[in-house]
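What follows is one structure encoded as structure tokens, with my remarks underneath.
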Amino acid sequence: MSRVYNFAAGPAAMPLEVLEEAQGELLDYKGLGYSVLEMSHRSAAFQEIIDDAEATLRRLLKIPDDYHVLFLQGGATLQFSAVPLNLMRTRHAGYVVSGNWSRNAWKEAARFGRADVLASGEESGFSRTPELDVLPDQTLDYVYVCQNETVYGTMRRGVPETGSVPVVSDVSSCFLSLPLNVSRYGLIYAGAQKNGGPAGVTVVIVRDDLVGDGPALADVTPQYLGYRLQCDKGSMYNTPNTFGIYLCGKVFRWIERTGGLEAMEQRNWAKVNLLYDYLDQSSLFEGTVEPASRSISNVCFRTGDPKLDAAFVEGAAERGIVNIKGHRLVGGMRASCYNAVSEEAVRALVAYMRDFESAYAG
Ligand code: PLP
């Protein structure tokens with residue numbers, strides 16, 4: 180078996196232990212004689228799997244009892260619609276645009292009601308997280324932020340001050356990278372394919388009072404997207420992504436047994452700081468994000484010369500360092516250092532950067 184150093188932005192590297200465990204159970208799950216892939220979602224065995232995944236996630240994130248946990252499909256992108264459809268009770272929400280993901284969410288919300296841009300990072304080229312300087316209008320249905328902008332490599336520290344207005348956050352690319360104070364949010368959601376598990380599962384964590392009696396725009400909301408219905412049906416209004424949820428549960432357990440989110444955060448900062456420290460002293464490479472907004476997951480950098488960037492990416496692959504090309508919107512390089520990326524992998528990347536830089540200087 181040969182495994183490379185995989186810095187993909189998502190779907191991302193999975194913990195090897197989890198893949199091996201799943202491989203061991205693939206044909207015969209716990210003596211049942213069939214695979215989780217072949218299991219009814221209405222069976223007791225699957226109910227145990229989804230219950231365990233939820234319980235483990237609740238322990239990891241210390242999720243308060245008045246929050247529901249949903250395992251849905253449609254990716255984070257479908258939540259761009261589900262959020263306004265469910266929560267826009269007065270058809271007026273506020274959006275903080277900190278990169279392309281929050282911009283996409285804002286555009287989608289504007290299809291359903293008034294979506295004000297409360298702050299934007301556009302002027303800085305999205306090189307830092309825009310802050311909310313004033314308390315927003317207290318009649319807004321919610322304030323929306325994206326906690327970690329995967330493409331630009333910025334991460335918001337904490338939660339903006341919004342008074343009594345609930346905060347909704349897309350945490351896809353920092354989900355389970357570090358602890359999160361769930362009670363400061365009305366709703367958070369994450370596509371699982373970075374730190375949570377495979378693509379095809381979206382975790383939604385929503386406070387009960389926001390779910391209400393049903394979606395705000397009940398007449399146009401597809402049944403599937405109604406949070407009330409999904410809460411009442413335990414994420415099983417229809418057939419869920421059974422195998423995906425099973426793998427998420429295994430990833431959650433892996434995080435728990437490797438020390439939980441505090442330990443994960445320490446390891447993650449230790450890893451990405453190897454890169455940020457190198458970038459800060461390099462005369463060839465530059466980091467593209469201001470230090471106070473740097474992501475714990477996605478490290479974006481460039482040489483400033485697209486040809487040199489391409490040569491760097493190509494040379495990396497020859498050393499077994501893959502998926503470090505920047506997103507097509509921004510170019511350059513991006514090393515996504517999610518939970519399953521080892522410190523050894525990051526050290527290999529830094530060593531290669533050093534070699535590349537001295538070859539270039541020489
Ligand atoms: N939000 C963020 C922060 C992302 O990083 C991504 C994808 O990478 C998305 C939303 C879109 O996710 P999906 O492809 O699951 O719809």
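If you want the working numbering, it's the 1-based position in the sequence shown plus 179. Note that beta-carbon positions come from the ideal geometry of N, C-alpha and C, so glycine has one too. In this text the structure is predicted, and so the values were computed from the model without any measurement.
Check, Outcome
"For Val338 and Tyr539, the rounded distance between their alpha carbons", "42 Å"
"Pro243 classed as buried or exposed, judged by whether at least 16 other C-beta atoms fall within 10 angstroms", "exposed"
"Pair within 8 Å by beta-carbon distance, Gln258 and Val382", "no"
"Heavy atom of ligand 1 within 7 Å of Thr256 beta-carbon", "yes"
"Own chain, CB closer than 6 Å to Ser348, minus 5 neighbours either side, in chain order", "Val324, Gln326, Tyr364 and Ile367"
"Per-residue burial, Tyr213 [other beta carbons within 10 Å of its own, 16 or more giving buried]", "exposed"
"Top-ranked residue by Cα proximity to Met532, from Leu440, Asn477 and Leu458", "Leu458"
"Minimum C-alpha distance to Asp392 - residue among Glu200, Asp534 and Leu266", "Leu266"
"Which of helix, strand or coil DSSP assigns to Ser476", "coil"
"Nearest to Ala397 (by Cα), restricted to the options Tyr184, Val262 and Ser474", "Val262"
"CB contact flag (Met180, Ala519, <8 Å)", "no"
"N- and C-terminal bounds of the beta strand (DSSP E) containing Asp349", "Val346 to Asp349"
"Reduced DSSP category for Met590 - H, G, I as helix; E, B as strand; rest coil", "Nothing can be reported for residue 590, as the shown portion of the chain is limited to 180 through 541."
"Inter-residue Cα distance where the pair is Gly332 and Val468", "7 Å"
"Buried/exposed call for Pro419, threshold 16 Cβ in 10 Å", "buried"
"Leu355 beta carbon less than 8 Å from that of Glu440", "The residue asked about is misnamed: residue 440 is Leu in this sequence, not Glu. A contact, by the Cβ cut-off of 8 Å."
"Gly494 - containing alpha helix (DSSP H), residue span", "Pro485 to Glu497"
"Closer than 7 Å: Cys516 CB and nearest ligand 1 heavy atom", "no"
"Residue burial classification, Glu301 (beta-carbon count within 10 angstroms, cutoff 16)", "exposed"
"Beta-carbon proximity of Leu426 to Gly483, cut-off 8 Å", "no"
"Validate contact between the segment 496-504 and the segment 460-477 using beta carbons, cut 8 Å, 3 pairs", "no"
"Straight-line Cα distance separating Cys479 from Gly542", "Outside the displayed range of the chain (180 to 541) lies residue 542, so it cannot be described from this structure."
"Close Cβ partners of Phe431 (< 7 Å) along its chain, the five nearest in sequence each way excluded", "Ala232, Thr235, Leu236 and Leu239"
"Cβ-heavy atom distance, Cys325 to ligand 1, below 7 Å", "yes"
"Counted within 10 angstroms of its Cβ, other Cβ atoms place Ser476 as buried (16 or more) or exposed", "buried"
"Opposing strand residues paired with Cys325 [DSSP bridges]", "Asp349"
"Straight-line Cα distance separating Tyr208 from Leu359", "33 Å"
"Element boundaries [alpha helix (DSSP H), containing Tyr539]", "Glu522 to Ala540"
"Expected contact under 8 Å - CB spacing of Asn185 and Val525 to nearest Å", "With 8 Å as the limit, Asn185 and Val525 do not qualify as a contact, their Cβ atoms being about 12 Å apart."
"Residues near Ser170 by beta carbon distance below 7 Å, same chain, minus five either side", "No information on residue 170 is available, as it lies outside the stretch 180 to 541 that the chain covers here."
"Ile500 - DSSP class collapsed to helix/strand/coil", "strand"
"Cβ-based burial, Val313 [other Cβ within 10 Å; buried from 16]", "exposed"
"Thr318 Cβ short of 7 Å to ligand 1 heavy atom set", "no"
"Beta-carbon proximity of Ala272 to Ala294, cut-off 8 Å", "yes"
"Leu366, enclosing alpha helix (DSSP H) - first and last residue", "Leu366 -> not in any alpha helix (DSSP H); beta strand (DSSP E) instead, spanning Leu366 to Gly370."
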